[in-house]
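Asks: Dumping the structure here so I can ask a few things about it.
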Amino acid sequence: MINAVAVFTPTPRPTTKPSDVGVLAGRKPAPEDVAASARHITDDTKYRNWYSVDLGTTPWPADVLLCQRQSMVWSRQEHRAYSATILTTGVLWFIIGLVIALVRDLSLADYLIKIFLPSAPAFLDTIELARQHWQHANARQQAEHKIDDLWQAYTTQPETLAISNCREIQDAAFLLRRDGPRVPNLFYKIRRARSEANTRAGTAALLNGSHAGQAPD
Numbered sequence: 336m337i338n339a340v341a342v343f344t345p346t347p348r349p350t351t352k353p354s355d356v357g358v359l360a361g362r363k364p365a366p367e368d369v370a371a372s373a374r375h376i377t378d379d380t381k382y383r384n385w386y387s388v389d390l391g392t393t394p395w396p397a398d399v400l401l402c403q404r405q406s407m408v409w410s411r412q413e414h415r416a417y418s419a420t421i422l423t424t425g426v427l428w429f430i431i432g433l434v435i436a437l438v439r440d441l442s443l444a445d446y447l448i449k450i451f452l453p454s455a456p457a458f459l460d461t462i463e464l465a466r467q468h469w470q471h472a473n474a475r476q477q478a479e480h481k482i483d484d485l486w487q488a489y490t491t492q493p494e495t496l497a498i499s500n501c502r503e504i505q506d507a508a509f510l511l512r513r514d515g516p517r518v519p520n521l522f523y524k525i526r527r528a529r530s531e532a533n534t535r536a537g538t539a540a541l542l543n544g545s546h547a548g549q550a551p552d
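Here it is as structure tokens:
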């Protein structure tokens, strides 16, 4: 487990120009606003050690890239799983309606009026929501492929990985999080242990060279 702050702020590190950051997120908040918001946090434990992958001795900025990858893969799996879950729920609800109609020997008109039409809006919303989450998962997978390409290049030529590459990934992550559909907290909590295990195993595979070449020492 590593401290999320340590991933992005260990010293010494090159200075990034102010014009290179915050383009999408806007200007940095005023220190007074940060202090005011911080007073509402009585326990910051859950905000620490956010990136749970074991980075070993991976140097900066490759460690940043791996943390970004964990976040991207984790979210992609969550959205895809949630899409499948709500689509399955909608289909099951539709099937239950048909079964009820058959058991009660309803006519087509009665089925449409009493079961199908009242539940049709919810069924259509379920399909649309499932589609949104699936498309969002695909968008995150595209960003994930970009990260994998950067890692592949890094394993053979470490000097090719620049902080600007990580900035581009972070900008993409910001846009995806800002504009994408939300996964309920309960669904996230149910899957958290599994998702963490998946991403830890994936990062270990990268560092062991089984996915994208042998990582440099």
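Basically my numbering = 1-based index in the sequence shown + 335. Built from N, CA and C at the ideal position, the CB exists for glycine as well. Just so we're clear, the structure is a prediction, and the values are computed from it rather than from any experiment.
(1) Are the Cβ atoms of I421 and A373 separated by less than 7 Å?
(2) Taking the continuous alpha helix (DSSP H) assigned at R439, which residues delimit it?
(3) Near E479, which residues of its chain fall below 8 Å by C-beta distance, leaving aside the five closest residues on each side in sequence?
(4) Along the chain, which unbroken stretches of the beta strand (DSSP E) at least 3 residues long are found entirely within the stretch 474-551?
(5) Check whether the stretch 439-456 touches the stretch 499-513, taking contact to mean three or more Cβ pairs, one atom from each stretch, closer than 8 Å.
(6) Along the chain, where does the alpha helix (DSSP H) containing S372 start, and where does it finish?
(7) Compare the C-alpha of G425 against each of R439, L437, F451 and name the closest.
(8) Quick check on the DSSP output: what are the complete alpha helix (DSSP H) runs of length 4 or more inside the stretch 381-442, in order along the chain?
(9) Quick one: Cα of T461 to Cα of E413, how far?
(10) Looking only at its own chain, which residues have a Cβ that is under 7 Å from the Cβ of A474, when we skip the five neighbours before and after it?
(11) By Cβ distance, which residues of its chain are closer than 7 Å to Q470, with the 5 residues on each side in sequence left out?
(12) Considering only the beta carbon of each residue, do R535 and V399 sit closer than 7 Å?
(13) Going by the CB atoms, is the gap between L496 and A397 shorter than 7 Å?
(14) Does D460 come out as helix, strand or coil in the three-state DSSP assignment?
(15) In whole angstroms, what is the alpha-carbon distance linking N520 and S418?
(16) Roughly how many angstroms lie between the CA atoms of D552 and N533, to the nearest whole one?
(17) Quick one: is Y489 buried, meaning 16 or more other Cβ sit within 10 Å of its Cβ, or exposed?
(18) Near A436, what residues of its chain come up, given a Cβ to Cβ distance below 7 Å and the 5 sequence neighbours on each side ignored?
(19) Give the straight-line distance between the Cα atoms of L390 and L542, rounded to the nearest whole angstrom.
(20) Run the CB neighbour count on H375, radius 10 Å, all protein chains shown included, and call it buried at 16 or more, exposed below.
(21) With 16 other CB atoms within 10 Å as the buried threshold, where does A370 fall?
Replies: According to the data block:
(1) no
(2) Unbroken run through R439: none, as it is neither H nor E.
(3) R404, M407, V408, R411
(4) none
(5) no
(6) 366-373
(7) F451
(8) 397-438
(9) 17 Å
(10) L511
(11) none
(12) no
(13) yes
(14) helix
(15) 15 Å
(16) Low confidence applies here, because D552 scores a pLDDT of 42, under 50, leaving its location unreliable and the question unanswered by this model.
(17) buried
(18) Y446, I450
(19) 8 Å
(20) exposed
(21) exposed
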